[in-house]
Every structure is written in structure tokens, then in C-alpha cells.
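Chemist: From first to last, the protein sequence lines are chains A and B.
Quick note: the first sequence uses my numbering, first residue 312, plus one each step.
Quick note: the second sequence uses my numbering, first residue 660, plus one each step.
Heads up, the beta-carbon is just placed ideally off N, CA and C, and yes, glycines get one too.
One structure is given below, represented as C-alpha cells, and several questions about it will come after.
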Amino acid sequence: MDHSAQQPKNQPNRRTVLRALGLGGAAAGAAPLIAACGGGLKGSGSSSGDVIKIGYVSPRTGAYAAFTESDEYILKQARAAFAKGIKYDGKTYKVQILDRDTGSDPQQAATIANELISQQGVDLMLVTSTPETVHPVANKCESEGVPCISTIEPWQAYFFGRGGTPQKTFTYTYHFFDGIEHVVTGETDMWRMFDTNKKVGVLWPNDADGGAFRDKKTGFRAQAGAKGFTFVDPGAYENGTKDFSSIIATFKKEGVQILAGVPTPPDFATFWTQAAQQGFKPKVVTIAKAILFESSVASLPNGLGDGLCTESWWLPQFPFSSSLTGQTSQQLADGYEKSAQAKGRRWNQGLGPNHALFEIAGDVLRHANPKDKKAVATRIGKTSLDTVIGRVDWTGGGAANPVKNVAAIPVVTTQWVKGSGGAYDLKIVGNTLIPEAKIDGKAREL
Amino acid sequence: MTWLNAIAQGMLLGGIFAMAAAGLSLVFGVMRVANLAHGDLMILGGYVASVAAVSLHIPVALTVLVSMAAVGGLGYLIQRTLLDRAMGLSEFAPLMVTFGISVIIPNVLVQLFSNDTKPLGIGSLGTASIRVGSDLAIGWFPLITVVAAVAVLAGLHVFLYRTQSGRIVRATADDRAVVRLMGVDNRKVYALTSVIAFATVALAGTLYTMRQGGVTPYEGQLTVLFAFEVVIIGGLGSLWGTLAGGMVLGIAQSVGAQISPDLPLLAGHLVFLAILVFRPQGLFGRSVLA
Numbered sequence: 312m313d314h315s316a317q318q319p320k321n322q323p324n325r326r327t328v329l330r331a332l333g334l335g336g337a338a339a340g341a342a343p344l345i346a347a348c349g350g351g352l353k354g355s356g357s358s359s360g361d362v363i364k365i366g367y368v369s370p371r372t373g374a375y376a377a378f379t380e381s382d383e384y385i386l387k388q389a390r391a392a393f394a395k396g397i398k399y400d401g402k403t404y405k406v407q408i409l410d411r412d413t414g415s416d417p418q419q420a421a422t423i424a425n426e427l428i429s430q431q432g433v434d435l436m437l438v439t440s441t442p443e444t445v446h447p448v449a450n451k452c453e454s455e456g457v458p459c460i461s462t463i464e465p466w467q468a469y470f471f472g473r474g475g476t477p478q479k480t481f482t483y484t485y486h487f488f489d490g491i492e493h494v495v496t497g498e499t500d501m502w503r504m505f506d507t508n509k510k511v512g513v514l515w516p517n518d519a520d521g522g523a524f525r526d527k528k529t530g531f532r533a534q535a536g537a538k539g540f541t542f543v544d545p546g547a548y549e550n551g552t553k554d555f556s557s558i559i560a561t562f563k564k565e566g567v568q569i570l571a572g573v574p575t576p577p578d579f580a581t582f583w584t585q586a587a588q589q590g591f592k593p594k595v596v597t598i599a600k601a602i603l604f605e606s607s608v609a610s611l612p613n614g615l616g617d618g619l620c621t622e623s624w625w626l627p628q629f630p631f632s633s634s635l636t637g638q639t640s641q642q643l644a645d646g647y648e649k650s651a652q653a654k655g656r657r658w659n660q661g662l663g664p665n666h667a668l669f670e671i672a673g674d675v676l677r678h679a680n681p682k683d684k685k686a687v688a689t690r691i692g693k694t695s696l697d698t699v700i701g702r703v704d705w706t707g708g709g710a711a712n713p714v715k716n717v718a719a720i721p722v723v724t725t726q727w728v729k730g731s732g733g734a735y736d737l738k739i740v741g742n743t744l745i746p747e748a749k750i751d752g753k754a755r756e757l
Numbered sequence: 660m661t662w663l664n665a666i667a668q669g670m671l672l673g674g675i676f677a678m679a680a681a682g683l684s685l686v687f688g689v690m691r692v693a694n695l696a697h698g699d700l701m702i703l704g705g706y707v708a709s710v711a712a713v714s715l716h717i718p719v720a721l722t723v724l725v726s727m728a729a730v731g732g733l734g735y736l737i738q739r740t741l742l743d744r745a746m747g748l749s750e751f752a753p754l755m756v757t758f759g760i761s762v763i764i765p766n767v768l769v770q771l772f773s774n775d776t777k778p779l780g781i782g783s784l785g786t787a788s789i790r791v792g793s794d795l796a797i798g799w800f801p802l803i804t805v806v807a808a809v810a811v812l813a814g815l816h817v818f819l820y821r822t823q824s825g826r827i828v829r830a831t832a833d834d835r836a837v838v839r840l841m842g843v844d845n846r847k848v849y850a851l852t853s854v855i856a857f858a859t860v861a862l863a864g865t866l867y868t869m870r871q872g873g874v875t876p877y878e879g880q881l882t883v884l885f886a887f888e889v890v891i892i893g894g895l896g897s898l899w900g901t902l903a904g905g906m907v908l909g910i911a912q913s914v915g916a917q918i919s920p921d922l923p924l925l926a927g928h929l930v931f932l933a934i935l936v937f938r939p940q941g942l943f944g945r946s947v948l949a
């Protein structure tokens, strides 16, 4: 059974363990065992009925909730789009979307996956945002033989982090998202725009993302774009670290002029505030994950967010349209901002990929017998679709399809610019990977 | 110089730990209730301050008082309506109540304010520092936090050891049955203790939020662990022990980080375990609790 081989990789991360300890809960340790026991459904090809059940698992609450802020809007649109059903081979199937919240907890994600598969009998699983959400669900789907599409996690962390290799690929689980190679291209392009000593200080924490970036063979330094730069890696610090003085001292001692990394938002706030206090002033800062959302940038003290750079996988400025609703990227963002579900909030980057999940789901289910799980999974691997985030392509290999189960999407380099009103705008300053996206800001040094 | 810097930064960090632990120490010392919601109450304090500053346009410096008043008031309500009743049921009932509160607070905050960072800006004070040589810089705001922590603990000390109400609180902690025989309603003492504890945790939360520039709903969960460690390291029932505990934990973390960046949390936990093994009553604790 391959699922027994994969289960140990689904270990609770340190944060969860700490939280469980803090709450005095012994149940956390038992959940993976329970999850590992229910393996009876594997290969049960088609369930009866003319209703297609789609499971949608996302961290609506908890630490990762910022990625799924627009879920309510997306789900409303998707349900409306599927209201007439999906037609395959002359038969029209009703569509039921079952959305579930993991609370940003990997154990909860595994429990939910179990429920959706064993009790609800979903025909297709969609899952989004962070390894802690995606891995438990995807692993469950792989072992139970349920097709699964996921997004918002660097694809290296998804594929290699779950034990995939070019030889050992997955049968039922597919992923689309940007990868470290694109982040490297975007970030190093940015670094080359300025005159620096090419010394790069990195914040790669001790978690799945940090590990994927640090990896010698598949990580940041292994990519072509990283050649010519010297990396100063102080080591894998723990998420939740409250004092970064030693790392700052190392960066200062080494004369670091470029800062990069994948810290969490609170950790980056701590680091960047202390850096200002202790006089560490790099010329260029390109940070993944921590500064994706305007609120995290705007809340950095004393306007310290101005001029920080990040790689963006979706922006309203993108010249792409949704295959589900026909909206352009701009219309999707505007539609969200005007909707009741937005509650006055601005667009966010999670909107694009999470919307695209349903675009792909619709396309796949129209082209394969929705009740044949094997056929649906095979069809995902043959899908190439123009979505609101650009083309998602699991065929043909190359940069867009680096391994069987992954469709890599490109990114643009963006810089946060503080406007006169105090609000921050994300300007495209580099478009090597998506030339269709117009540059609308001029890159500047910090 | 780097080690000196590590120790200095550790002490600055210790200030916020000590402040966060003061209320916990007080509640545990007087009522024998381990308040698992302590970290989340801290975050709640930050939210109240942020709302006061952003929506009600109260000057940022005054939001500290607003937050202390609001969370202190909440402390009174929680004590009188929930904890008093729970304490009469069993030893574990109050623990479960605080556990429940620790789940409710962040989720309510998410519903009300979403997961976005709620800002509380203090302008250039947030990044200002005193430069002592090229390798050592003392941030003004962390320094203010340490001073505030010392002031709060000193104030609590004066209250407990120099006033009549303080004496009653201490007497209640020692033996509530005897205090009741003396005609003192111990529930009023508990309510007063809760108000003070909740107000100090709100102060800690507000300063924490100012330090970070903002706050998100789920940040309290690691903080409560640190606060418990501070109380144990310092010794139960000793306010100066709480300050010392904060400093020890802060220094352990920053010196740990100096050795290797993956060490700080582990170093803090190891010091905590070492204290438990070799000096279970804590650095300043008088005796082991029965």
C-alpha cells in the first residue's frame, strides 16, 4: 500500500505541536493514526447517481486565512456557474460543491479529507493554500484514489515534499503554482537592476517552504538565475522567533546588501523592525509569502513597507480572463471588491488561483466521465487551459510542466509603493516571465 | 561585543515576556487557575487598542488605557459570570473555561476583522534606537517596554504588600476559607485580581502590537507558552521572579540564536526544563506547592 509509505511525511509541523502542547491536547498525536486506518475505498471506481460532488478544502480561519479571504465570493460564482450542471457524453450531471474549513490545522485537514472521501464520496477534490493544508488532503486522495487538484504552495514543496521524484510520480493528485525557479528568475532580475556587492542574506525558516528553498539540489541556490550571487544563510530559524539580533548581526558583518526569503508575516515584521533599529539597511529586499497582502505591508512600523519587493502570481493588471465567468482579471478583482462578500476589503492574490481551481474543475469534468475517478485523474494530466491566472498546462513538459503532476505558473516582480494617501499599491516592475503583463512602475532602491 | 549584544537584546525581549506573564502569575498565584486564554487575551488587548486608534481616532498613546479598561472590564465579567461558577465545580472546570475562551477569542476576531493585520502604528518611535558602538543598538521602544514591565511589577508589588486590599488578596491566596471566616467575600477579591490581571495583559498586548506594528488573530498561542515558562522559571507567587523569569527566557532565546538560528525556542525550553528539574520552586519561589 503506497499510502502507508506516504503517511509519515504528513507529520505535524513544529508549530502545530507547540500549539497542541499549549492547549494540553493529546488528541493531535492520534489523528494521523486514525486517518491512516481508513483505507478501504481505494480504487472504488465510480459512485452512483447523477450528482457530481466537488470537495473544496481551504484554511478559511486560522493562521493562513489571508490566502482564502475571497473564498465566499469564489464559491458563490462557482456555484452560479455550475448551476445548470455539467454535461458529459450527452448526460447532464448536477454539481454540488462541499466547502470545508481546516482552521489552518493539518490534522483537521486530514480529518476533513477523510470525511469528504469516505462519507460524502466526492468525485473531485480541490485544495488550496500552504503545505499544511494541501499535503494531508492530497496524500489522502492519492491513497484513496480520488482525483485532486491543488494550488498556492511552491510546486517543489508539493512534489518533492510529498516524496515525488521524476521516476516516482503521483497518479491522482495534480498541482498548479509557481516554483522556486520562477521566484529565482524574478528576484534575481530585480537584484541585477541595482549596483550591489551581490551578497544575499536569506531568511529561510525551519518549515516546509524554508526547507524547499534551502534544498541544495532543487532549491534557490540550485537555479540558474542564482549564479554570481553569494548567499549568506544564517540557518533555519524557528517560526515565531521573537529576536533576530544574531541574524541581523551576521548580515551586517558579512556586508549583505540584498535581502531575500520566505518568512511568515509576523516574523518578517519582527525582523524588519529590529533591522531598522539595529541599522541593517539592504539596498534591495525581495520577500516571498510575508508581504503578499497589503495589510501586512501597511502595518510595518514607520512606513518600512515602502519599496519592498515580492513575486506576484496574480494581479488585476494581468491580461488574462476566466474561462468560467468570462471576467478579465481586472473585472474579477473589481467584482470581488464590490461584492457583499468582500466586506469592503480590497482584492488579494489568493483570488486568482482559487478561482482558477474551479475553472479547471469545470474543464476536466466536461472532458472525462465525472463518475470515473481514474478517467478524471488521467484527464487532469492532459489538461491545458487558459485561466484568469494565465495558461495552466500539465502537458508537454518544459518549464510549464517540469514534472508529471505539476503545472508551473510564472510570476512577475512587483514592488510595494506607498501612495500619497498612505495606501500601498503593488506595481509591476519586472515581467521577464509574463511579457504580456505591462510594467507599470519603475523599480527603485530602498 | 556580539555576545553583549545578544544579552542586551535578550533582556529587551525579556521585558515583553515579563509583562505578558505578570497577569498569569497573579491569577495562578491567587486563584490557582491556569489561564490558557492568557495569550489570546493579550492579542485581544492589541485589537482593542488598534480599533481605538484607527476607528475612534484616539491618540495612540492613550489607546493603552482604553485597552486596559476594556479588557479589565471583560476580566470582571468573565470572573463573575464564568470562572466563579467553574471554580465551584471542580479543579479542571476553570481550565476548560479558559481553554474555551482561548478558542473563542481568535475566531471571533477573524469573523469581525478578517485575518488581515490590524495596524497600530507608533511612527518613527517603532524603529528609533540608541547606538552604542557599531555592534550594539538599543531600540527605544523595546526599552520603553522593559521600563513599563518594571513599573507594572513594582506597582503590583506595592499594591500586594503595602495596601489593605493587597493584604486581603494575599490572604485569600493563602487560605480562602479563613478569609471568608473573617467576613471577606473571596469572590470580590477574585474579581479584583482578574481585573488587574486582565488589565496588565491588555497593556502587554498593546505594547506587543505597537512593537510589531500590528496584530493578527492567532498570534496569542505561542505567547501563552512563553508566559507559562516565565512564571515557572521565576517562581510562583514572586513578582520579581516574574521579571527575572522574563529576562532569563529572553536571554536564553537570544543567546541560543547567537549560537545557531534554529536554537532560540529550544534554548528557552531547555532552560525552562532545567529549572523544573534542578529548582522546581523557580528562581525566586519560596517553596514547592503541595
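Who does G572(A) pair with in a DSSP beta bridge?
Modeler: Per DSSP, L514(A), I598(A).
Chemist: Give every residue of the same chain whose Cβ lies closer than 7 Å to the Cβ of V406(A), excluding the five residues on either side of it in the sequence, and list them in chain order.
Modeler: Around V406(A): I363, I365, F393, G396, I397.
Chemist: Tell me the residue span of the alpha helix (DSSP H) that contains A719(A).
Modeler: That residue, A719(A), is in no alpha helix (DSSP H); its beta strand (DSSP E) goes 717-719.
Chemist: Roughly how many angstroms lie between the CA atoms of Q418(A) and F471(A), to the nearest whole one?
Modeler: The straight-line gap from Cα to Cα measures roughly 21 Å.
Chemist: Decide yes or no for the touch test of the region 721-739 of chain B against the region 852-861 of chain B: beta carbon pairs closer than 8 Å, at least 3 of them.
Modeler: Contact holds: three or more Cβ-Cβ distances are below 8 Å.
Chemist: Taking Cβ-Cβ distances shorter than 8 Å, what residues in chain B pair up with L427(A)?
Modeler: Those do not exist, as L427(A) stays about 22 Å from chain B at its closest Cβ, beyond 8 Å.
Chemist: CA-CA distance, S607(A) and A421(A)?
Modeler: In a straight line, the C-alpha of S607(A) is about 29 Å away from that of A421(A).
Chemist: Leaving out five residues on either side along the sequence, give the residues of the same chain with a beta carbon under 6 Å from the beta carbon of T722(B).
Modeler: The answer, listed in chain order, is A708, A711, A712.
Chemist: Roughly how many angstroms separate the alpha carbons of G879(B) and G705(B), rounded to a whole number?
Modeler: Cα to Cα, the separation comes out at about 10 Å.
Chemist: Leaving out the 5 sequence neighbours to the left and right, which residues in its chain are closer than 7 Å to A341(A) when beta-carbon positions are compared?
Modeler: Here A341(A) scores only 39 on pLDDT, less than 50, and its place in the model should not be relied on; the value that follows carries that caveat. Cβ within range, chain order: n/a, list empty.
Chemist: Helix or strand or just coil, what does DSSP make of M841(B)?
Modeler: Three-state DSSP puts M841(B) in coil, outside helix and strand.
Chemist: Can you find the residues in the same chain that come closer than 8 Å, C-beta to C-beta, to G896(B), ignoring five residues on each side of it along the sequence?
Modeler: Cβ neighbours of G896(B) beyond the five flanking positions: S684, G688, A832, G944, R945.
Chemist: Can you tell me whether I910(B) is buried or exposed? The criterion is at least 16 other CB atoms within 10 Å of its CB, across all chains shown.
Modeler: I910(B) should be labelled buried.
Chemist: Under three-state DSSP, which class holds A796(B)?
Modeler: Residue state, collapsed to three classes: strand.
Chemist: Please compile the residues from chain B whose C-beta is within a distance smaller than 9 Å of the C-beta of T552(A).
Modeler: Here the neighbours are Q912, A916, P920, P923, L924.
Chemist: Rounding to the nearest angstrom, what Cα-Cα distance links D834(B) and A696(B) in this structure?
Modeler: Straight-line Cα distance between these residues: approximately 25 Å.
Chemist: Please state whether DSSP places F660(A) in a helix, a strand or coil.
Modeler: Reading off the sequence shown, one finds Gln at residue 660(A), where the question assumed Phe. Three-state result, Q660(A): coil.
Chemist: Give the residues of chain B in contact with S461(A), contact being defined as C-beta atoms less than 9 Å apart.
Modeler: Those do not exist, as S461(A) stays about 20 Å from chain B at its closest Cβ, beyond 9 Å.
Chemist: What are the start and end residues of the beta strand (DSSP E) that includes F542(A)?
Modeler: Here the beta strand (DSSP E) through F542(A) covers 541-543.
Chemist: In chain order, which alpha helix (DSSP H) runs of at least 4 residues are fully inside the region 662-729 of chain A?
Modeler: You should have 662-677, 684-691.
Chemist: Using a Cβ cut-off of 8 Å, pull out every chain A residue sitting near Y877(B), in sequence order please.
Modeler: Here the neighbours are G373, A374, S415.
Chemist: Just confirm the distance between the C-beta atoms of N659(A) and F604(A), as a whole number of angstroms; I'd bet it's less than 8 Å.
Modeler: Between F604(A) and N659(A) the Cβ distance is about 6 Å, and since that is below 8 Å, they are a contact.
Chemist: Distance check for G673(B) and V591(A), CA to CA, integer angstroms please.
Modeler: Residue identity differs from the one stated: residue 591(A) is Phe in this sequence, not Val. Whole-angstrom Cα-Cα distance: 22 Å.
Chemist: Should Y820(B) be labelled buried (16 or more other beta-carbon atoms within 10 Å of its own) or exposed?
Modeler: Exposed, by the Cβ-count rule.
Chemist: Near A787(B), what residues of its chain come up, given a Cβ to Cβ distance below 6 Å and the 5 sequence neighbours on each side ignored?
Modeler: Cβ within range, chain order: W799.
Chemist: Under DSSP, the alpha helix (DSSP H) around G927(B) begins and ends at which residues?
Modeler: Run containing G927(B): 923-937, per the alpha helix (DSSP H) assignment.
Chemist: Taking 8 Å as the threshold (beta carbon to beta carbon), is L611(A) in contact with chain B?
Modeler: Closer than 8 Å to some Cβ of chain B, the Cβ of L611(A) qualifies, so yes.
Chemist: Compare the Cα-Cα distances from Y483(A) to each of E455(A), T581(A), E549(A) and report the closest residue.
Modeler: Of the candidates E455(A), T581(A), E549(A), the one whose C-alpha sits nearest the C-alpha of Y483(A) is E455(A).
Chemist: If you draw a straight line from the alpha carbon of A836(B) to that of S749(B), how long is it in whole angstroms?
Modeler: Straight-line Cα distance between these residues: approximately 16 Å.
Chemist: Determine, using beta carbons only, whether L881(B) comes closer than 8 Å to chain A.
Modeler: Yes, contact with chain A.
Chemist: Determine, for E549(A), whether the minimum Cβ-Cβ distance to residues of chain B falls below 8 Å.
Modeler: Chain B contact via Cβ: present.
Chemist: Answer with yes or no whether the minimum CB distance from G732(A) to chain B is below 8 Å.
Modeler: Chain B, which has no Cβ nearer than 8 Å to the Cβ of G732(A), makes this no.
Chemist: What residues from the region 585-596 of chain A come within 8 Å of chain B, judged by C-beta to C-beta, listed N to C?
Modeler: Within the region 585-596 of chain A, the residues whose Cβ lies closer than 8 Å to some Cβ of chain B are Q585, A587, Q588, Q589, G590, listed in chain order.
Chemist: Under 8 Å between C-beta atoms, does S381(A) make it to chain B?
Modeler: By this cut-off, S381(A) is not an interface position.
Chemist: Contact check, F669(A) vs L635(A) under 8 Å by CB: the rounded distance?
Modeler: About 6 Å; that satisfies the 8 Å criterion.
Chemist: Considering only their Cβ atoms, is the gap separating D489(A) from A718(A) smaller than 8 Å?
Modeler: In this structure, D489(A) does not lie closer than 8 Å to A718(A) by Cβ.
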